[in-house]
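> Position 106, counted from 1, in the sequence shown is what this note's numbering calls 96; the numbers after and before it change by one each time, with no gaps.
Cβ atoms here follow ideal geometry from the backbone N, Cα and C, with glycine treated the same way.
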Amino acid sequence: RRERENMGAVNLRADEEAEELRAQLDGMIREREDLEAAIARLRQAIASLNREGRERLLEAFESVNVHFTRLFTHLFGGGHARLALVESDDPLEAGLEILSSPPGKRLQSMSLLSGGEQALTAMALIFAVFLTNPSPICVLDEVDAPLDDANVERFCNLLHEMTRSTETRFLVITHNSITMSHMDRLFGVTMAEKGVSQLVSVDLERAEKLR
């Protein structure tokens, strides 16, 4: 009797409360299973995106590399250059190294080239990326500034090739007279009066026909 008294009053709702707890436990188990399934789906989606990303990156890389090699040789009148993925076997985590060999020089990192050679190499890479995914308009802001006259001519010849092989309109900002002479149309800004700017336009192609 004493033991029964120590047990306290009988809980008449014990079965009902136990059922409620079982229902709560079942609900928590289902929620955990749903979360685990969602995590699995998310991991699968991430893996699929990473796989597609690697494939698309490698495809774009190969295309850019082919264009870069060809344009480099065109700009330098010889030599060889290529792009390399470094520091990781995973394309998504790898770095990019530019290896170039101007005519008469061994293959080396772009950082070891002269200023003019670096500028031409950078142009080859920019145009290679552009050819892989062309756009209607391309703006080049004084990219010829570090070049000597011979390399400016090479740049202009490449620009002519780009206009023939693409439907892109190139807008070139320059102070170089050689570059200007290769353009179809010039736009200049003058200040005839102090504080008053005036836009001047010259159609070089039409002017050439009138000569």
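Between the Cα of Arg72 and those of Val54, Asp80, Pro81, spot the shortest distance and give me the residue it belongs to.
Position 82 of the sequence shown, counting from 1, holds the residue named residue 72. Among Val54, Asp80, Pro81, the Cα nearest to that of Arg72 is on Val54.
> Is DSSP giving Leu48 helix, strand or coil here?
As a working mapping, residue 48 is identified with position 58 in the sequence shown. Of the three classes helix, strand and coil, the one that applies to Leu48 here is helix, per DSSP.
> Give the DSSP-derived three-state secondary structure of His150 in the structure shown.
As a working note, residue 150 is residue 160 in the sequence shown. Here His150 sits in helix by DSSP.
> Whole angstroms are fine: how far does the CA of Met181 sit from the CA of Ser187?
Locating residue 187 in the sequence shown gives position 197, counting from the first residue. Locating residue 181 in the sequence shown gives position 191, counting from the first residue. Their backbone Cα atoms lie some 5 Å apart in a straight line.
> When you compare only the Cα positions, how much space is there between Arg216 and Cys146?
The requested residue 216 does not occur in the structure, where the chain is confined to residues -9 to 201.
> Kindly indicate which three-state DSSP category Asp138 falls into: helix, strand or coil?
As a working mapping, residue 138 is identified with position 148 in the sequence shown. Asp138: coil per DSSP, three-state reduction.
> If you follow the alpha helix (DSSP H) that Thr169 is in, where does it begin and where does it stop?
Here residue 169 refers to the residue found at position 179 when the sequence shown is read from its first residue. Its alpha helix (DSSP H) spans residues 167 to 171.
> When we look at the beta-carbon of Ile88 and count the other beta-carbons within 10 Å, is it buried (16 or more) or exposed?
Indexing the sequence shown from 1 puts residue 88 at position 98. With 16 or more other Cβ atoms within 10 Å, it is buried.
> When you compare the CB positions of Ser91 and Gly67, do they come within less than 8 Å of one another, or not?
Along the sequence shown, one-based indexing puts residue 91 at 101. Along the sequence shown, one-based indexing puts residue 67 at 77. No; because the gap between Cβ atoms is not below 8 Å, this pair is not in contact.
> Could you compute how far the alpha carbon of Glu9 sits from the alpha carbon of Ile19?
Position 19 of the sequence shown, counted from the first residue, corresponds to residue 9. Position 29 of the sequence shown, counted from the first residue, corresponds to residue 19. Straight-line Cα distance between these residues: approximately 15 Å.
> Please look up how many angstroms separate the CB atoms of Glu132 and Ile163, rounded, as I've assumed it's under 8 Å.
Mapped onto the sequence shown, residue 132 falls at position 142. Mapped onto the sequence shown, residue 163 falls at position 173. The pair is a contact, with the Cβ atoms about 6 Å apart (cut-off 8 Å).
> From the DSSP output, in three-state form, read off Asp16 for me.
On the sequence shown, position 26 is the one that residue 16 refers to. Asp16 falls in the helix class under three-state DSSP.
> Inspect the CB distances between the segment 93 to 103 and the segment 29 to 41 and report whether three or more fall short of 8 Å.
The segment 93 to 103, when compared against the segment 29 to 41, does not touch it at the 8 Å Cβ threshold.
> On the DSSP bridge assignment, give the partners of Leu130 in chain order.
Here residue 130 corresponds to residue number 140 of the sequence shown, with the count starting at 1. Note: Leu130 sits in a beta bridge opposite Val162.
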